[in-house]
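Visitor: Protein chains in written order, with this note's numbering: chain A, 286 to 536; chain B, 41 to 363.
Using N, Cα and C, we set each Cβ at its ideal position, and we do this for glycine too.
None of the values given here were measured: they were computed from a predicted structure.
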């Protein structure tokens, strides 16, 4: 299994603050890799360094065999990498359909407007937003906007999907629905890198987990290994018993 | 859906053609022609500006610079090199487009107020340059030798040719505006308008999309400038780079509804009617620009989407017609 994404020694500082310190990992094609860590650990910064929103101070990002370090976000998108934002970024004055069409149009397949409309309708159906397709994106509620983010990223038909807290702010029912959607995306062969605070969800869908703390990678492994790692428990989980609870909840 | 199957485009064409043929119906009077010319010029300038302001979300305060520069280049070619009008019009478009292309590389990376300020600076800079540029007549500008009109069948004929040209040009601008609005290129521009960072993450190549939008929205004013000053017979820096005309164009776009095809058309017509009324009214004739300023303030505060935008929002069924 070859790595679709390789992050090698990526560091990033903002002034005196070291947001990321030599983060390295390989993401094999077809996997779901979870990224966890307390607030301010550098998870979103890592996403931004991967897809070109930020320029990393040092280190390399290799996507599908190509060194994409320092590339602009649109060039990275054209290679087949799509992402969602932790703080939703809808195109407010455009309709839901147009939002998703834009995702298809300008993603790596660069489809025509007509084709992107078909893709957008399929994807909206898939995430359960089809009946809202003609309303303005601004009028959606938070859960719907999260779905819209996901739909827009999916419409690009990416090889790799970066998901930044798509479950945050959702209620239990919505989380279950969203997890179902994520599983289906994964079954279609899309590799996923996911940041999540909803731990039991993350632990259940990811094959590998990486833990960041103060910009440093403090652990990596299967969900079980990570949940039982004393360093992780101290930095993030806080309570040894939490691991058992996390692994125990639904499968 | 094919563009000609959308009712909106027919409404837009019908309105433009109605304004265009009105002087013919009003008895071929020069007065009616001049009123309609001013109206079409306003519609064309506002619709060109809308390509950048409405679709892309970049406010160009100094957009009149392209009108002035195109006008100067075209006028120079007609007056000094005796080139035909249509060649001058194309040269006006090219010079304005070239300026926009070069500027785009430099100032389109600025956002919001910084970009708007930079465009004012550009207008002032070009004006100062032309004022001191001897081939273009320096501060006194250039005057057309009346004999040049002879090759167009006399002055009267030349004025009608200019009039027909601006009518055709306005129709072309509106078709382009409609095309942009319904095209893939336009979707990219609107994504930039709504959220430039998110658009780039989706794969919109924002720097080049913005530059092309700027070039397109500059080329048309360049052409209009040539037609206007050819008709005028005279060009000078004070007439070519009038900053408040830029602002009036913004008022028209905002009044009608930025980001719609019909909005600038409607806004320009409404504003010109109002302006015509104010200029002949003893009470308002000296404060006509104040009224424009207040109007802009009221629009921004209460109907930021403009008249057409408000109607589209209020009556979603109208959206098919009011593009």
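#1: Let me see if you follow: with CB-CB separation under 8 angstroms, is residue 253 of chain B close to chain A or not?
#2: Using C-beta distances below 7 angstroms, list every residue in its chain close to residue 217 of chain B, excluding the 5 sequence neighbours before and after it, in chain order.
#3: Residues in the same chain with beta-carbon distance under 8 angstroms from residue 331 of chain B, minus the five sequence neighbours each way, listed in chain order, please.
#4: What's the gap between the Cα of residue 280 of chain B and the Cα of residue 428 of chain A?
#5: Is there contact between the region 339 to 351 of chain B and the region 110 to 122 of chain B, where contact requires at least three CB pairs shorter than 8 angstroms?
#6: Residue 397 of chain A: buried (16+ other C-beta within 10 angstroms of its C-beta) or exposed?
#7: So, is residue 174 of chain B buried or exposed, given that buried needs 16 or more other C-beta atoms within 10 angstroms?
#8: So if I threshold CB-CB distances at 9 angstroms, which residues from the region 337 to 353 of chain A count as touching chain B?
#9: For residue 333 of chain B, decide whether its Cβ has a neighbour in chain A, counting only Cβ atoms nearer than 8 angstroms.
#10: Is any beta-carbon of chain A found at less than 8 angstroms from that of residue 235 of chain B?
#11: Distance cutoff 8 angstroms, beta carbons only. Does residue 398 of chain A sit that close to anything in chain B?
#12: So, does the region 492 to 499 of chain A touch the region 315 to 330 of chain A, judging by three or more C-beta pairs under 8 angstroms?
#13: Check the DSSP bridge columns for residue 313 of chain A and list the partner residues they point to.
#14: Count the CB pairs spanning the region 163 to 170 of chain B and the region 288 to 299 of chain B that are closer than 8 angstroms, and state whether there are at least three.
#15: Are residue 245 of chain B and residue 110 of chain B touching if we call contact CB-CB under 8 angstroms?
#16: Per DSSP, what kind of secondary structure is residue 368 of chain A in: helix, strand or coil?
#17: Does DSSP put residue 535 of chain A in a helix, in a strand, or in coil?
#18: Once the 5 residues before and after residue 419 of chain A are set aside, which same chain residues still bring their CB inside 8 angstroms of it?
#19: Could you tell me which chain C residues have their CB closer than 9 angstroms to the CB of residue 217 of chain B, listed as they occur along the chain?
#20: DSSP state of residue 264 of chain B, grouped into three classes?
#21: For residue 415 of chain A versus residue 421 of chain A, is the C-beta spacing smaller than 8 angstroms?
#22: Is any heavy atom of the ligand NAP found at a distance shorter than 7 angstroms from the C-beta of residue 255 of chain B?
#23: Does the beta-carbon distance from residue 363 of chain A to residue 443 of chain A come in below 8 angstroms?
#24: Going straight from the alpha carbon of residue 102 of chain B to that of residue 258 of chain B, what length do you get?
#25: Kindly list, in the order they appear in chain B, the residues whose Cβ is closer than 8 angstroms to that of residue 547 of chain A.
#26: What residues in the region 296 to 307 of chain A have a beta carbon less than 9 angstroms from any beta carbon of chain B?
#27: Assess contact between the region 201 to 208 of chain B and the region 75 to 86 of chain B, defined as three or more Cβ pairs (one per stretch) separated by less than 8 angstroms. Is contact present?
#28: Taking a contact to mean a Cβ-Cβ separation below 8 angstroms, would you say residue 271 of chain B touches residue 180 of chain B in this structure?
#29: Distance check for residue 482 of chain A and residue 436 of chain A, CA to CA, integer angstroms please.
#30: Rounded to a whole number of angstroms, what is the C-alpha to C-alpha distance between residue 269 of chain B and residue 72 of chain B?
#31: Mapping DSSP to helix, strand and coil, what is residue 352 of chain A?
#32: Please list, in chain order, the chain B residues whose beta carbon lies closer than 7 angstroms to that of residue 386 of chain A.
#33: Once the 5 residues before and after residue 106 of chain B are set aside, which same chain residues still bring their CB inside 6 angstroms of it?
#34: Rounded to whole angstroms, what is the Cα-Cα separation between residue 47 of chain B and residue 55 of chain B?
#35: Can you tell which of A/401, A/430, A/503 has its C-alpha closest to the C-alpha of residue 262 of chain A?
#36: Answer with yes or no whether the minimum CB distance from residue 362 of chain A to chain B is below 8 angstroms.
Guide: Walking through what the data contain:
#1: Numbered from its first residue, the second chain carries residue 253 of chain B at position 213. No, no contact with chain A.
#2: Translated into positions along the second chain, residue 217 of chain B becomes position 177. Cβ neighbours of residue 217 of chain B beyond the five flanking positions: 87, 90, 91, 301.
#3: Residue mapping note: residue 331 of chain B aligns to position 291 of the second chain, counting from 1. Excluding residues within five positions, the ones whose Cβ falls inside 8 angstroms are 314, 318, 324.
#4: In the second chain, the residue the question calls residue 280 of chain B occupies position 240. In the first chain, the residue the question calls residue 428 of chain A occupies position 143. Approximately 53 angstroms between the Cα atoms of the pair.
#5: no
#6: Indexing the first chain from 1 puts residue 397 of chain A at position 112. Residue 397 of chain A should be labelled exposed.
#7: The residue labelled residue 174 of chain B in the question sits at position 134 within the second chain. Burial call: exposed.
#8: 337, 338
#9: Counting from 1 along the second chain, the entry for residue 333 of chain B is found at position 293. Chain A, which has no Cβ nearer than 8 angstroms to the Cβ of residue 333 of chain B, makes this no.
#10: Counting from 1 along the second chain, the entry for residue 235 of chain B is found at position 195. Judged by the 8 angstroms Cβ criterion, residue 235 of chain B is in contact with chain A.
#11: One-based indexing of the first chain puts residue 398 of chain A at position 113. Yes, residue 398 of chain A lies at the interface with chain B (some Cβ there is under 8 angstroms from its Cβ).
#12: Touching, yes.
#13: The residue you call residue 313 of chain A lines up with position 28 of the first chain. Paired residue(s): A/288.
#14: no
#15: Locating residue 245 of chain B in the second chain gives position 205, counting from the first residue. Locating residue 110 of chain B in the second chain gives position 70, counting from the first residue. Taking C-beta atoms as the reference points, residue 245 of chain B and residue 110 of chain B fail to come closer than 8 angstroms.
#16: The sequence position of residue 368 of chain A within the first chain is 83, counting from 1. Strand, per DSSP.
#17: Locating residue 535 of chain A in the first chain gives position 250, where the first residue counts as 1. Summary for residue 535 of chain A: the model assigns pLDDT 43, below 50, so the residue's position carries little reliability; its value from the coordinates is reported in the next sentence. Three-state result, residue 535 of chain A: coil.
#18: Here residue 419 of chain A refers to the residue found at position 134 when the first chain is read from its first residue. Excluding residues within five positions, the ones whose Cβ falls inside 8 angstroms are 380, 381, 382.
#19: The chain inventory of the structure shown lacks chain C, comprising the protein chains A and B.
#20: Counted from its first residue, the second chain places residue 264 of chain B at position 224. The answer is helix: DSSP assigns residue 264 of chain B an H, G or I state.
#21: For the purposes of this step, residue 415 of chain A is taken as residue 130 along the first chain, with counting starting at 1. For the purposes of this step, residue 421 of chain A is taken as residue 136 along the first chain, with counting starting at 1. Cβ atoms of residue 415 of chain A and residue 421 of chain A: not closer than 8 angstroms.
#22: Ligands in the displayed structure: none, and consequently the ligand NAP is not present.
#23: Taking the first chain and counting its residues from 1, the one referred to as residue 363 of chain A is at position 78. Taking the first chain and counting its residues from 1, the one referred to as residue 443 of chain A is at position 158. Result no, Cβ atoms of residue 363 of chain A and residue 443 of chain A do not sit closer than 8 angstroms.
#24: Taking the second chain and counting its residues from 1, the one referred to as residue 102 of chain B is at position 62. Taking the second chain and counting its residues from 1, the one referred to as residue 258 of chain B is at position 218. Rounded to whole angstroms, residue 102 of chain B to residue 258 of chain B spans 11 angstroms at the Cα level.
#25: Outside the modelled stretch of chain A, which goes from 286 to 536, sits residue 547 of chain A, for which no answer is possible.
#26: none
#27: Between the region 201 to 208 of chain B and the region 75 to 86 of chain B, the count of Cβ pairs shorter than 8 angstroms is three or higher; the stretches touch.
#28: Numbered from 1 along the second chain, position 231 holds the residue referred to as residue 271 of chain B. Numbered from 1 along the second chain, position 140 holds the residue referred to as residue 180 of chain B. No, the Cβ-Cβ distance between residue 271 of chain B and residue 180 of chain B is not below 8 angstroms.
#29: Within the first chain, residue 436 of chain A is the residue found at index 151, counting from 1. Within the first chain, residue 482 of chain A is the residue found at index 197, counting from 1. As the crow flies, the alpha-carbon of residue 436 of chain A is around 21 angstroms from that of residue 482 of chain A.
#30: In the second chain, the residue the question calls residue 269 of chain B occupies position 229. In the second chain, the residue the question calls residue 72 of chain B occupies position 32. Computed Cα separation, rounded: 19 angstroms.
#31: Locating residue 352 of chain A in the first chain gives position 67, counting from the first residue. In the structure shown, residue 352 of chain A sits in a strand (DSSP, three-state: E or B).
#32: Within the first chain, the letter at position 101 stands for residue 386 of chain A. Within chain B, the residues near residue 386 of chain A are 227.
#33: In the second chain, residue 106 of chain B corresponds to position 66, counting from 1. The answer, listed in chain order, is 136, 258, 261, 262.
#34: The residue you call residue 47 of chain B lines up with position 7 of the second chain. The residue you call residue 55 of chain B lines up with position 15 of the second chain. Each residue's Cα considered, the two are about 13 angstroms apart.
#35: Residue 262 of chain A lies beyond the residue range present for chain A, which begins at 286 and ends at 536; the question has no answer from this structure.
#36: As a working note, residue 362 of chain A is residue 77 in the first chain. Answer yes: the Cβ-Cβ gap between residue 362 of chain A and chain B drops below 8 angstroms somewhere.
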